[in-house]
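Chemist: Residue 933 in the numbering used here sits at position 342 of the sequence shown, with consecutive numbering throughout. Where is the CB? At the ideal position from N, CA and C, for every residue including glycine. Please read all numbers here as calculations on a predicted model, not as lab measurements. First, the structure itself, so that you have it in front of you.
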Amino acid sequence: MSVMVARKKVVRKWEKLPGRNTFCCDGRIMMARQKGIFYLTLFLILGTCALFFAFECRYLAVQLSPAIPVFAAVLFLFAMATLLRTSFSDPGVIPRALPDEAAFIEMEIEATNGTVPQGQRPPPRIKNFQINNQIVKLKYCYTCKIFRPPRASHCSICDNCVERFDHHCPWVGNCVGKRNYRYFYLFILSLSLLTIYIFTFNIVYVALKSLKIGFLNTLKETPGTYPSTSLTLLTVLEVLICFFTLWSVVGLTGFHTFLVALNQTTNEDIKGSWTGKNRVQNPYSHGNIVKNCCEVLCGPLPPSVLDRRGILQQEESTAQEESCPRGPSSRDPATTQGPGGQTEESGAAQKDGSVPAPSLSDAEMPEEKQLTSGEPPVPPQDAGQAEH
């Protein structure tokens, strides 16, 4: 005997989200699909710091101060924490319009623009919005079917509209937007300080060794066991990595410091939104560097509107076979033959949901019910004699 049982399968919303993102840990971690350069970033930071803590820090802690490795560890942990927070968080993705919402927006656009004759290009889908007495244009996204909020843009790599979109950074493996820009800025700032710190003390390490045995002898030293000899070749490798990293990271930090002071994004700076030919004033700037920095770096962090771990329930019916013991009381609900050859379909009545009526004997049943449909009524003998 097979019984159909309906089970509810729990599906999280992140499993049905559009776009090109990768989710881990049941939707708690959100990244872009292209993560190769992010792994390179982790390798460079972890590798350089591991060599520095393994060799130079021990020598410098003995010769100069034990605070040198402590401060380096603080910078390293802070840089790693801000990197992971930037990479694993929602940058401010805006949900796409539902089918009903998209249809309503299309109706509004058609009502506003009217019918466009064939052969003519339809007007651009733009709404004007006023911010601080400045007209800002809201553009329509044909992929997400929405009018993007101010300062939002569609990322072609992640295929999502991101609120206050700054840029897509492959080094962190994620978009940089409203919800993770402050962590991105703190990451590049702490990484700049860490790079300068390691580069400086690597030079100090080589200088201290050169004062004892000479610079050429320091470079000719073969790898051995600390403290008799040192891994000078690895130190030179660290210096080269820090030297080439220093210019890019420090330059990037200076550029974003300039943007934070003006309350401007990288996307707006590249497009020349506020410094182009029109010379339009930035409506988001407070005209004060301190206020702009406080708004960008210390303002309230909006919650994610994706609800990635929300639950979507889908019913699935599965068949289960159950074996029931048959006894004398449990008969097959097939058709049973009643008196006079009449069949009673009790099983069909039970399936229809109706309550079967109790069976009556011939003595209890009325005379009209005792007559079967196949036998004509027989008149009584007294009545026949009376007619004659």
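Output yes or no for whether 8 angstroms exceeds the beta carbon distance between Q625 and I700.
Modeler: For this step, residue 625 is matched to residue 34 along the sequence shown. For this step, residue 700 is matched to residue 109 along the sequence shown. No. Outside cutoff.
Chemist: Closest to L1039 by CA distance: which of T844, Y796 and L831 is it?
Modeler: Within the shown structure, residues of the chain are numbered from 592 to 979, placing residue 1039 beyond reach of any answer.
Chemist: From V601 to G901, what does the alpha carbon distance come to, in whole angstroms?
Modeler: Residue numbering aside, residue 601 sits at position 10 when the sequence shown is read from its first letter. Residue numbering aside, residue 901 sits at position 310 when the sequence shown is read from its first letter. So the alpha carbons of these two residues sit roughly 10 angstroms apart.
Chemist: Suppose you measure from the CA of P741 to the CA of F643; what does that come to, to the nearest Å?
Modeler: Translated into the one-based positions of the sequence shown, residue 741 becomes position 150. Translated into the one-based positions of the sequence shown, residue 643 becomes position 52. Near 45 angstroms, if we compare the C-alpha coordinates of F643 and P741.
Chemist: Which of helix, strand or coil does DSSP assign to Q625?
Modeler: On the sequence shown, residue 625 is found 34 positions in, with the first residue counted as 1. Reduced to three states, the DSSP call for Q625 is coil.
Chemist: Can you tell me whether F835 is buried or exposed? The criterion is at least 16 other CB atoms within 10 Å of its CB, across all chains shown.
Modeler: Along the sequence shown, read from residue 1 onward, the residue named residue 835 stands at position 244. Classification for F835: exposed.
Chemist: Is R855 buried or exposed, if buried means 16 or more other CB atoms sit within 10 Å of its CB?
Modeler: Residue 855 sits at position 264 when you count from the first residue of the sequence shown. According to the sequence as given, residue 855 is Gln; it is not Arg. Burial call: buried.
Chemist: Spatial neighbours of V727 within its chain, please: CB distance less than 8 angstroms, with the 5 preceding and 5 following residues excluded, ordered by chain position.
Modeler: If you number the sequence shown from 1, residue 727 lands on position 136. So the qualifying residues of the chain are N719, F720, Q721, P741 and P874.
Chemist: When the Cα of S744 is compared with those of R619, G683, F634 and F669, which residue comes out closest?
Modeler: On the sequence shown, residue 744 is found 153 positions in, with the first residue counted as 1. Cα-wise, what sits closest to S744 is G683.
Chemist: Relative to the alpha-carbon of F614, which residue among C732, F679 and L799 has its alpha-carbon at the smallest distance?
Modeler: Here residue 614 corresponds to residue number 23 of the sequence shown, with the count starting at 1. Of C732, F679 and L799, the residue nearest in Cα terms is F679.
Chemist: With C-beta atoms as the reference, is V840 less than 8 angstroms away from V887?
Modeler: Residue 840 sits at position 249 when you count from the first residue of the sequence shown. Residue 887 sits at position 296 when you count from the first residue of the sequence shown. No, these two residues do not count as a Cβ contact at 8 angstroms.
Chemist: Taking 8 angstroms as the limit between beta carbons, can you name the residues of its chain near N883, skipping five residues before and five after?
Modeler: For this step, residue 883 is matched to residue 292 along the sequence shown. Once the five neighbours on either side are set aside, the close Cβ partners of N883 are V851, A852, L853, N854, S876 and H877.
Chemist: Please name the residue in T734, A672 and T857 whose C-alpha comes closest to that of L637.
Modeler: In the sequence shown, residue 637 corresponds to position 46, counting from 1. When only C-alpha atoms are compared, the closest one is A672.
Chemist: Determine which residues share a DSSP beta bridge with V767 and list them.
Modeler: Along the sequence shown, read from residue 1 onward, the residue named residue 767 stands at position 176. Partner(s): H758.
Chemist: Name the residue from L799, Y774 and Q872 whose alpha carbon lies nearest to the alpha carbon of V653.
Modeler: Within the sequence shown, the letter at position 62 stands for residue 653. Nearest C-alpha to V653: L799.
Chemist: Measuring CB to CB, does Y788 end up less than 8 angstroms from T677?
Modeler: In the sequence shown, counting from the first residue as 1, residue 788 sits at position 197. In the sequence shown, counting from the first residue as 1, residue 677 sits at position 86. Going by C-beta atoms, Y788 is not nearer than 8 angstroms to T677.
Chemist: So, with DSSP's three-state summary, where would you put S801?
Modeler: One-based indexing of the sequence shown puts residue 801 at position 210. Three-state result, S801: helix.
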